[in-house]
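Colleague:
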Amino acid sequence: MKNPLNLNFGFIGHSYLITGGTGSLGKGIVQRLTQANSTVRIVVFSRGEEKQQQMAQEYPQSVYPNVHFVIGDICNLDSLQIACKYYDVDIIIHAAAMKHVDVCERNPSECLRVNIDGTLNVVKAAKQVGVKRIVGISTDKATAPSSAYGYSKGMAEKILLQSNGNGLLVSAIRYGNVFGSSGSVIPRFLKDKGKGELGITDINMSRFSITLDEAVDVVIFTAKNALGGEVLIPKLPSYRITDVATAVGPQCRQKR
Ligand SMILES: NC(=O)c1ccc[n+]([C@@H]2O[C@H](COP(=O)([O-])OP(=O)(O)OC[C@H]3O[C@@H](n4cnc5c(N)ncnc54)[C@H](OP(=O)(O)O)[C@@H]3O)[C@@H](O)[C@H]2O)c1
Numbered sequence: 003m004k005n006p007l008n009l010n011f012g013f014i015g016h017s018y019l020i021t022g023g024t025g026s027l028g029k030g031i032v033q034r035l036t037q038a039n040s041t042v043r044i045v046v047f048s049r050g051e052e053k054q055q056q057m058a059q060e061y062p063q064s065v066y067p068n069v070h071f072v073i074g075d076i077c078n079l080d081s082l083q084i085a086c087k088y089y090d091v092d093i094i095i096h097a098a099a100m101k102h103v104d105v106c107e108r109n110p111s112e113c114l115r116v117n118i119d120g121t122l123n124v125v126k127a128a129k130q131v132g133v134k135r136i137v138g139i140s141t142d143k144a145t146a147p148s149s150a151y152g153y154s155k156g157m158a159e160k161i162l163l164q165s166n167g168n169g170l171l172v173s174a175i176r177y178g179n180v181f182g183s184s185g186s187v188i189p190r191f192l193k194d195k196g197k198g199e200l201g202i203t204d205i206n207m208s209r210f211s212i213t214l215d216e217a218v219d220v221v222i223f224t225a226k227n228a229l230g231g232e233v234l235i236p237k238l239p240s241y242r243i244t245d246v247a248t249a250v251g252p253q254c255r256q257k258r
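All letters in the sequence shown, in the order written, are residues 3 to 258 by our numbering.
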């Protein structure tokens, strides 16, 4: 594949800013980048002090001088610009989002602010600071959306792809459900298992599934190889929600 940024030879000399770097996917990306190359600069960008402090303990400065933790909000353009400029960022992995379907449904305006306006800010900051590449994390729910979350991620995708060009390469990745990620169905079933009852919203529901490792693989592949302007969709197996419930709690009643 043509590789305009010549990134195929590793990450040496590059500076990554990961919005949502303390989240399930963000942590996986940081772990992989630090394992793959100890010299690449990694900026973990998110709002929550507590989550950053906990993660910072896993990456002490004495061992990981290249990993930096920055408190910031994608809804605040200044905080993105300052971080990108200060750390001379050339690649943004944009993973920060409101991702719980029901929470987005109850808070559509906040969902719009974070997922759509926040993405617009990421693009604006990237352009102002001269970032070379953005990899945006999207979802299969952005396709023919039926929820505030799906609509917001669909709009975010469009904003990302439209910003591709003039020296900025922008790609989006559409995932299915990341197996076992925070707030997903597996941890919920595991938690509820003890009650002898697992709640199922719709027995016909099936989900495309990807492991965290596979999700990180696609991010790294995209950061190295994507040409810009494309949506990458990994081919994923799907499972029925009732099968997962049976596997997690074979003795449990499935409450519909
Ligand atoms: N998990 C899945 O199954 C799945 C499937 C498809 C697509 N995705 C997409 O993958 C991405 C990552 O998901 P995830 O599972 O890693 O989510 P997560 O575990 O909920 O992490 C979200 C991260 O974003 C940060 N964040 C949220 N709002 C922010 C804001 N306004 N400014 C800065 N940081 C903010 C959070 O930290 P603070 O709250 O401390 O700021 C956290 O670090 C999301 O874009 C999601 O839509 C996830």
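The C-beta atom is built at its ideal place from N, Cα and C for all residues, glycine as well. All values reported here derive from a predicted model rather than from experimental measurement.
Would Tyr177 and Ser208 qualify as a contact pair, given that the criterion is a beta-carbon distance under 8 Å?
Modeller: One-based indexing of the sequence shown puts residue 177 at position 175. One-based indexing of the sequence shown puts residue 208 at position 206. Contact: no.
Colleague: Identify whether Lys143 lies in helix, strand or coil by the three-state DSSP scheme.
Modeller: For the purposes of this step, residue 143 is identified with residue 141 of the sequence shown, where counting begins at 1. Here Lys143 sits in helix by DSSP.
Colleague: When you compare the CB positions of Leu214 and Ser26, do they come within less than 8 Å of one another, or not?
Modeller: Position 212 of the sequence shown, counted from the start, is the residue given in the question as residue 214. Position 24 of the sequence shown, counted from the start, is the residue given in the question as residue 26. For Leu214 and Ser26, yes; Cβs fall inside 8 Å.
Colleague: Let's test the definition: count the other Cβ atoms within 10 Å of the Cβ of Val137 and tell me whether it reaches 16, buried, or not, exposed.
Modeller: Your numbering for residue 137 matches position 135 in the sequence shown. Val137 is buried by the Cβ-count criterion.
Colleague: CA-CA distance, Met100 and Cys113?
Modeller: Indexing the sequence shown from 1 puts residue 100 at position 98. Indexing the sequence shown from 1 puts residue 113 at position 111. For Met100 and Cys113, the distance between alpha carbons rounds to 6 Å.
Colleague: Taking 7 Å as the cut-off, is the C-beta of Val180 nearer than that to any heavy atom in ligand 1?
Modeller: Your numbering for residue 180 matches position 178 in the sequence shown. Flag set: Cβ of Val180 near ligand 1.
Colleague: For Ala128, verify whether its CB is less than 7 Å away from any heavy atom of ligand 1.
Modeller: As a first step, residue 128 must be located in the sequence shown, where it is residue number 126. No, ligand 1 has no heavy atom inside 7 Å of this Cβ.
Colleague: Do His1 and Thr121 have their CB atoms nearer than 8 Å?
Modeller: The chain is shown from 3 up to 258; residue 1 falls before or after that span and cannot be answered.
Colleague: So is the beta-carbon of Cys77 under 7 Å away from any non-hydrogen atom of ligand 1?
Modeller: Translated into the one-based positions of the sequence shown, residue 77 becomes position 75. Yes, since a heavy atom of ligand 1 falls inside the 7 Å radius drawn around the Cβ of Cys77.
Colleague: Note down the Cα distance separating Leu19 from Ala217, rounded to an integer number of angstroms.
Modeller: To locate residue 19, count along the sequence shown from 1; it is residue 17. To locate residue 217, count along the sequence shown from 1; it is residue 215. Near 18 Å, if we compare the C-alpha coordinates of Ala217 and Leu19.
Colleague: Would the beta-carbon of Lys101 be found less than 7 Å away from any heavy atom of ligand 1?
Modeller: Walking along the sequence shown from the start, residue 101 turns up at place 99. Lys101 Cβ: within cutoff of ligand 1.
Colleague: Measure the Cβ-Cβ separation of Val45 and Met57 and say whether it is below 8 Å.
Modeller: The residue given as residue 45 occupies position 43 in the sequence shown. The residue given as residue 57 occupies position 55 in the sequence shown. Against a cut-off of 8 Å, the Cβ pair of Met57 and Val45 comes out as no contact.
Colleague: Label Tyr153 either buried or exposed according to how many other C-beta atoms from any shown protein chain fall within 10 Å of its C-beta, with 16 as the threshold for buried.
Modeller: Within the sequence shown, residue 153 is the residue found at index 151, counting from 1. By the neighbour-count rule (16 or more Cβ atoms within 10 Å), Tyr153 is buried.
Colleague: Starting from Val32, follow the alpha helix (DSSP H) in both directions and report where the run begins and ends.
Modeller: Position 30 of the sequence shown, counted from the start, is the residue given in the question as residue 32. Residues Ser26 to Ala38.
Colleague: DSSP three-state call for Glu199: helix, strand or coil?
Modeller: As a position in the sequence shown, residue 199 is number 197, starting the count at 1. Note: Glu199 maps to strand in three-state DSSP.
Colleague: Taking 7 Å as the cut-off, is the beta-carbon of Ala97 closer than that to any non-hydrogen atom of ligand 1?
Modeller: Counting from one through the sequence shown, the residue named residue 97 turns up at place 95. Yes, the Cβ of Ala97 comes within 7 Å of a heavy atom of ligand 1.
Colleague: Going straight from the alpha carbon of Ala127 to that of Val133, what length do you get?
Modeller: By 1-based counting over the sequence shown, the position of residue 127 is 125. By 1-based counting over the sequence shown, the position of residue 133 is 131. Taking the straight line joining both Cα atoms gives about 8 Å.
Colleague: Roughly how many whole angstroms lie between the Cα atoms of Ser165 and Val246?
Modeller: Position 163 of the sequence shown holds residue 165. Position 244 of the sequence shown holds residue 246. Rounded to whole angstroms, Ser165 to Val246 spans 39 Å at the Cα level.
Colleague: Flag this pair as touching only if the segment 138–147 and the segment 170–188 have three or more C-beta atom pairs under 8 Å; answer yes or no.
Modeller: The segment 138–147 vs the segment 170–188: in contact.
Colleague: Per DSSP, Leu19 is paired with what?
Modeller: The sequence position of residue 19 within the sequence shown is 17, counting from 1. Answer by DSSP bridge pairing, in chain order: Val45 and Ile94.
Colleague: Spatial neighbours of Lys195 within its chain, please: C-beta separation below 7 Å, excluding the five flanking residues on both sides.
Modeller: One-based indexing of the sequence shown puts residue 195 at position 193. Counting only Cβ-Cβ distances below 7 Å, and skipping sequence neighbours, we find Val250, Gly251 and Cys254.
Colleague: Does ligand 1 have even one heavy atom less than 7 Å from the beta-carbon of Leu163?
Modeller: One-based indexing of the sequence shown puts residue 163 at position 161. Outside the cutoff, so no.
Colleague: Quickly, what does DSSP pair Ile73 with across the bridge? List them, please.
Modeller: Within the sequence shown, numbered from 1, the residue matching residue 73 stands at position 71. Note: Ile73 sits in a beta bridge opposite Ser48.
Colleague: Residues in the same chain with beta-carbon distance under 6 Å from Gly182, minus the five sequence neighbours each way, listed in chain order, please.
Modeller: One-based indexing of the sequence shown puts residue 182 at position 180. Counting only Cβ-Cβ distances below 6 Å, and skipping sequence neighbours, we find Ile188.
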